[in-house]
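Just so you know, we're using this note's numbering here: the sequence shown kicks off at 311 and counts up by one.
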Amino acid sequence: LPSRLRKTRKLRGHMSHGHSRISKHRKHPGGRGNAGGCIITGSTEQTRVNAAKNKTGAAPITDVVRSGYYKVLGKGTLPKQPVIVKAKFFSRRAEEKIKGVGGACVLVA
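Right, dumping it as structure tokens:
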């Protein structure tokens, strides 16, 4: 990009260039390299343990739409007990894995 089209040109005269007066665009707010972020799981270990103890055969229900996701992909492994997953879309491998452990894929509008 030519320098005349860069955002810096518009920010001349504005002291902090959009990075606030306090932190001043310094240090490493998200950590360094691959550090930071968090792992979001569909259901906790405790939920799976409780479902395994349940003798009525009720499978734990995971609603991924409520967690802010729409499509379930097939990466990773599932516990060896049935799970019911609610989502707008399922990949082919995800559907195979869920049905492989005796679970169900529920499509939500």
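Glycine residues also receive a C-beta, built at the ideal position from the N, C-alpha and C atoms.
{"query": "Among Ile332, His329, Gly384 and Pro370, nearest to Arg402 - alpha-carbon criterion", "result": "Gly384"}
{"query": "Closest residue to Gln391 among Asn360, Lys381, Val382 and Tyr379 (Cα-Cα distance)", "result": "Asn360"}
{"query": "Per-residue burial, Lys337 [other beta carbons within 10 Å of its own, 16 or more giving buried]", "result": "exposed"}
{"query": "Burial state of Ile408 (16 or more Cβ within 10 Å)", "result": "buried"}
{"query": "Assumed close pair Ile394, Ala362 - CB separation to whole angstroms, cut-off 8 Å", "result": "Not quite, the Cβ-Cβ distance comes to about 15 Å (not below 8 Å), so this is no contact."}
{"query": "Distance between Glu406 and Ala419 (C-alpha atoms, nearest Å)", "result": "21 Å"}
{"query": "C-beta atoms of Asp373 and Lys398 nearer than 7 Å", "result": "no"}
{"query": "Collapsed DSSP secondary structure at Lys381 in the structure displayed", "result": "strand"}
{"query": "Rounded Cβ spacing between Arg319 and Ser313 (contact assumed at less than 8 Å)", "result": "7 Å"}
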